[in-house]
Amino acid sequence: MPASTYAKTGRTPLREELVENPYLPYPVRIDDIVVESEDRNLKTFKFVFLNPDEEAKFAYKAGQFAELSIAGVGEIPIGIASSPVEKGFIKFTINKAGLVTSHLHNMKVGDIMGVRGPLGNWYPWETLEGKNILIVGGGFAFTTLRSSIIYLLDPANRKKFKNITVVYGARSPGMLLYKDELIAWEKRDDIDMHITVDGTSDPSWKYNVGFVPPITEQKAPQGDADSYAIVCGPPIMIKFTQPVLEKLGYDHDHIILSLENRMKCGIGMCGRCGIGRELVCKDGPVFTLAQINRTPREY
Amino acid sequence: MKVIKIEKSQWSQGLDNLRDAFRLFGPVIEKGFYDYRELAAGQAPDLSFQNTRLSPKSLVFPQSETMLNYSLDPADPERNIMKEAPKDYAPRAVIGLRPCDAKAMVLVKMNFDTEEYQDPYWLNLYNATTFVGLACDAPCGTCFCTSAGCGPYHEEGLDVLLTDRDDHYLAKALTDKGAQLLEKAGWTQAADADTIIEKAKQAAEAKVTSKIETDGLRAADTMALYNAGFWDDVAFACINCGTCTFSCPTCWCFDIQDEAYRTKGVRMRNWDSCMFPIFTVHTTGHNPRDTKTQRVRQRFMHKLKYFVDKYDQGIMCVGCGRCVRQCPVNIDIRKVSALMNALSVQARCAV
Amino acid sequence: MSTYTDKIRETAQRLLKECKVEMVIGFRKGSQPMMNEPCVVRSPEEVDQLIWDSNCGINLANYLTNRKEKIGIVAKGCDSRNIVTHIVENKIAREQLVIIGVPCLGMIDKRKIAAAADGEILSVTEADGQVMVKTAQATQTFAKSDVLQGNCSVCTHRNPVIHDEMIAEPVPEQTDVDPYADVAEIDAMTPEQRHAFFEELLAPCIRCYACRNACPLCYCPTCFVDESKPQWVGKGQDPADVRTFHFLRAYHCAGRCTDCGACQRACPVGINMRLLTKKLNKDCLELYGWEAGLSTETRPALDDYQPNDPENFIH
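So the protein sequences, as listed, match chains A, B and C.
Take 23 as the starting number for the first sequence in the working numbering and just add one per residue.
Take 69 as the starting number for the second sequence in the working numbering and just add one per residue.
Take 219 as the starting number for the third sequence in the working numbering and just add one per residue.
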């Protein structure tokens, strides 16, 4: 019988050969570990792929995440902190919190583990070309924003974008991530940096003191049709930043957020990270506020 | 479409012929309940069932399945590196699948076979399996398949549809796979029985009197349904067990876990349920669906609205009625859908 | 039974009208034969939903955990004992409750009836100790005593042990029953037989946790099976993990279980896990003379030390 006879039954022939197993992590070696914060709860891990061709397969864009995989322990979804323009390694900054991250914090340079990805969507770089970009970040959610800033400042990319403004805050100076880079960016004239801390007793602190939302209100440029805001931080910061951005004139479809939810598969199959019809792992983690407004806020 | 007549006297011989080429699975009765099991040599499926207690989804989506394995032995140069677990994807045939459960496989496939990713475990088992359906001539009182995009003679997802005609079966080959299975069994007697099957189909459909109301759901505003006032009342009785989700042929959610003993470990997946609080809880303790009402709403919104919006292929329910029959506190998807549907009429999208 | 329903509605209406309670927890008619749905009514106009018959087996004490409102609750004997346990364990305050006591003549076992019925059941009605089952083929009549839930047939606390209202005169308690005959049978087995027995008993479990969630005692914010730091038990279908769940859950209920049967009733695959809890109930009775949920004044057996406590089981 010709195959077409069966067209209506829905048992469409499967692809002869399934592509790669999306659950199989690429093996990586821990190449370097940097303690980022004064409470030692944040460490940046630098990984090198054991098989060089897998680094090429792991081609990613700023804003994506990966599942870090430890044999015998489990997996954890983490935003990629390195930037696509950095080659030879990938980096993740990890807050020690649960089972996998606590285990990871006890691992050493040279240890072998796995990375699965890149996963999820990314900040909409195609849309953002030719636009002003305001980046608002708080706490340890600055990781994919670091990836983005490195990407934007790359000589091959910088001219594609208009003004870049960054507001980044942490509880105290010792809790800021990537301090050397922050200071270097602060000195540049092609990026407008506004670093802030909730409070400090350090008399030599020469940057802002205050929460991210009010600092954004004071320092960030007005929004218009040519301007987008990327916001990434703890829920409380996002909550209070939203009205500030509205006041500054950023439309809801010009406010870009990166969401977090409990995840397992990272590829849209296991079902737990759904917010309405959208899956944070696959349809996100990056959404515009306009999109989020149309969906239950179950994150 | 080719129809084969299988005399019941040839039935077990045909099944035996199949055993060379297939592992056979079918309904069997154990302690008063029907479930799908692998059929031992000489064992025939018990086709006198109405429907099985649990759905056959575990045939392609085992409740607990090893995905990857690894060594943790410090002396092993490959330690900590994940390997694909060996699998047996030799051809299988399920004999006696109800059409609702076959349609459910088609819905679940939308989740596991996407443009970007293909789930190898689900798809390889699905691919290895030939589904021989058995039309329902005596549907249960809780069956509402005909209003759930399905029916007692529905062919979607099946390779063969059997109709029981007392002393013989009529077997309609629906795919190449199905035709090959019939041939291998040695069932070759062509029958001109389209009219008989059509009449039996109409008679069976007339027996499905229970309905689910869904006509307004597609056009309804998602947030209006989400914010509806009835969810607390719907959810009050719920004890947040996983019975509805585990017995449902279309529920596909799973958890991934590592289990290690001494120097060996596996990464496995297990069925999971949106009814369980731990399903969504963050490491911080924050839970986006912290309350029972939120979890119950998620189950119904997913099946009756989010899925409808995402795929535009109807609801994520085939009307098998298992959740209705097995819910310990009698939460009934038909009642919930009626509430949602009634609200939908007032809550069309603004656009 | 219809008089029970009338009296429950009347009482609920009065309590709501007089603002004695903010809500009344009871049962409403289910969509399936032999199934009722626990429900809450919050206004006098809604009380007509409430019903009572022999399909009210779910234990309503389960719905009281940590509630803050002033609540009227319909309670048969076992529910009342679990309300007592809830009060003793500080899951609800006595002052929050107006307990509407229902003398109980036992709940019918839908699985027993389904197994005995000739074809699919269309409706089930009851009158005068008889249960009439209508199928497409026939109407069959069973003596209610023959189709009771296992726990109800050996129940010795049918009347509420605590109540503010009673909707009928107390019913006679059963005295000629041996609640632990099935436990004695297992006790008499050799260790090998017992191992095989429990292996078979728990084999069908799908870990949906309906037993745990239907149980009023299982109110832990995070059940041990859901803990990840440390992880006490595997999450798959390994028989060792399945058994660990059931055995540990039973031990968590030691000295607290009222044998209300909610676990067995809720189980979608028909496991009689009551055999586990009943063994512990029997031990508590024999060792400490203790039955759970009879008084708000005494501390539970495992929550209390007496110098003359037996200790010959400690090896």
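Cβ coordinates follow ideal geometry from the N, Cα and C atoms, glycine included.
What you are looking at is a predicted structure, and each value in this text was computed from that prediction instead of being measured.
Rounded Cβ spacing between Leu407(B) and Phe298(B) (contact assumed at less than 8 Å): Going by Cβ atoms, the distance from Leu407(B) to Phe298(B) rounds to 5 Å, so yes, they are a contact pair.
Arg316(A): contacting residues in chain B (beta-carbon distance under 9 Å): Among the residues of chain B, those whose CB is under 9 Å from the CB of Arg316(A) are Thr290, Met291, following chain order.
Ranges of the alpha helix (DSSP H) found wholly within the region 295-362 of chain C, counting only runs of at least 4: Taken in chain order, the complete alpha helix (DSSP H) segments of 4 residues or longer contained in the region 295-362 of chain C are 295-306, 328-334.
Distance between beta carbons of Pro188(B) and Ala272(B), contact taken as under 8 Å: 37 Å between Cβ atoms; not a contact.
From Val308(A), Phe114(A), Gly232(A), residue whose alpha carbon lies closest to that of Ile252(A): The shortest Cα separation from Ile252(A) among Val308(A), Phe114(A), Gly232(A) belongs to Val308(A).
Exposed unless 16 or more other CB atoms sit within 10 angstroms - verdict on Phe87(A): Per the 10 Å Cβ criterion, buried.
Same chain, Cβ closer than 8 Å to Pro106(A), five either side skipped, listed in chain order: These residues qualify, in order along the chain: Ala81, Tyr82, Lys83, Ala84, Ser169, Tyr173.
Chain-ordered chain C contacts of Asn308(B) [CB-CB under 9 Å]: For Asn308(B), the chain C residues whose C-beta falls within less than 9 Å of its own C-beta are Tyr427, Asn431, listed in chain order.
Positions along the region 125-151 of chain A whose CB lies within less than 8 Å of some CB in chain B: So the list reads Asp133, Ile134, Met135, Gly136, given in the order they occur along the chain.
Sequence-distant residues of its chain with Cβ nearer than 7 Å to Gly271(A) (five each side left out): Answer for Gly271(A): Gln244, Gly245, Asp246, listed in chain order.
Burial state of Lys304(A), where buried means 16 or more other Cβ atoms lie within 10 Å: Taking a 10 Å sphere around the C-beta of Lys304(A), we find 16 or more other C-beta atoms and assign the residue as buried.
Within-8 Å CB hit, Lys275(B) to chain A: Chain A contact via Cβ: absent.
Residues that DSSP places opposite Ala242(A) in a beta bridge: Per DSSP, none; premise fails for Ala242(A).
N- and C-terminal bounds of the beta strand (DSSP E) containing Arg138(A): In the DSSP annotation of this structure, the continuous segment of the beta strand (DSSP E) that includes Arg138(A) starts and ends at 134-141.
Chain-ordered neighbours of Gln325(B) on chain A, where CB pairs are closer than 8 Å: Simply Gly96.
Reference Thr352(B), options Leu126(A), Pro257(A), Gly221(A), closest by Cα: Here the closest residue by C-alpha is Pro257(A).
Pairwise C-alpha distance: Val50(A) and Asp358(B): The alpha-carbon of Asp358(B) is positioned some 36 Å away from that of Val50(A).
Of the listed residues Glu89(A), Ile171(A), Arg180(A), nearest to Met135(A) (C-alpha basis): For Met135(A), the closest C-alpha among the options Glu89(A), Ile171(A), Arg180(A) is that of Glu89(A).
Under 7 Å from the C-beta of Lys378(B): neighbouring residues of chain A: Within chain A, the residues near Lys378(B) are Arg299.
Cα-Cα separation between Asp224(C) and Val401(C), rounded to whole angstroms: Between Asp224(C) and Val401(C), the C-alpha separation is close to 39 Å.
For Arg294(A), three-class secondary structure by DSSP: Here Arg294(A) sits in coil by DSSP.
Which of helix, strand or coil DSSP assigns to Lys252(B): Three-state DSSP puts Lys252(B) in a helix.
Euclidean distance between Cα positions of Cys309(B) and Thr440(C): Inter-residue distance for Cys309(B) and Thr440(C) is about 14 Å (C-alpha atoms, whole angstroms).
Residue nearest to Pro140(A) in terms of C-alpha spacing, selected from Ala178(A), Ser91(A), Gly152(A), Pro195(A): Taking the Cα of Pro140(A) as reference, the smallest distance to any Cα among Ala178(A), Ser91(A), Gly152(A), Pro195(A) is reached at Ser91(A).
The region 483-510 of chain C: positions lying closer than 9 Å to chain B by Cβ: Answer set for the region 483-510 of chain C: Arg483, Ala484, Cys485, Pro486, Val487, Gly488.
Length-filtered (4 minimum) alpha helix (DSSP H) runs lying within the region 309-391 of chain B: DSSP runs (the alpha helix (DSSP H)) wholly in the region 309-391 of chain B: 311-315, 360-369, 375-379.
Lys113(A) at chain B interface by Cβ criterion, 8 Å: With 8 Å as the cut-off, Lys113(A) does not count as an interface residue toward chain B.
Segment contact flag, the region 276-284 of chain C with the region 466-485 of chain C, C-beta cutoff 8 Å, min 3 pairs: Judged by Cβ distances under 8 Å, the region 276-284 of chain C makes contact with the region 466-485 of chain C, as three or more pairs qualify.
Per DSSP, the bridge partner or partners of Gln186(B): DSSP, once it has assigned bridges, lists Asp181(B) as partnering Gln186(B).
Distance CB(Leu122(B))-CB(Ser315(B)) smaller than 8 Å: Contact check for Leu122(B) against Ser315(B) passes: the beta carbons are separated by less than 8 Å.
Nonlocal neighbours in the same chain, by C-beta distance under 8 Å from Asn73(A), ignoring five residues either side: Excluding residues within five positions, the ones whose Cβ falls inside 8 Å are Tyr48, Pro49.
Status (buried if at least 16 other CB within 10 Å, exposed otherwise) for Glu282(A): So Glu282(A) counts as buried.
Beta-carbon separation (whole angstroms), Cys204(B) vs Gly387(B), contact threshold 8 Å: In this structure, Cys204(B) and Gly387(B) do not form a Cβ contact; the two beta carbons are roughly 11 Å apart against a cut-off of 8 Å.
Inter-residue Cα distance where the pair is Ala418(B) and Ala292(B): Confidence at Ala418(B) is low in this model, with a pLDDT of 46, below 50, so its placement is unreliable and no value can be given for it.
CB contact below 8 Å: Asp336(C) versus chain B: For Asp336(C), the closest Cβ of chain B is not nearer than 8 Å.
Between the CA atoms of Gly324(C) and Gln358(C) - distance to the nearest angstrom: Gln358(C) and Gly324(C): Cα-Cα distance of roughly 20 Å.
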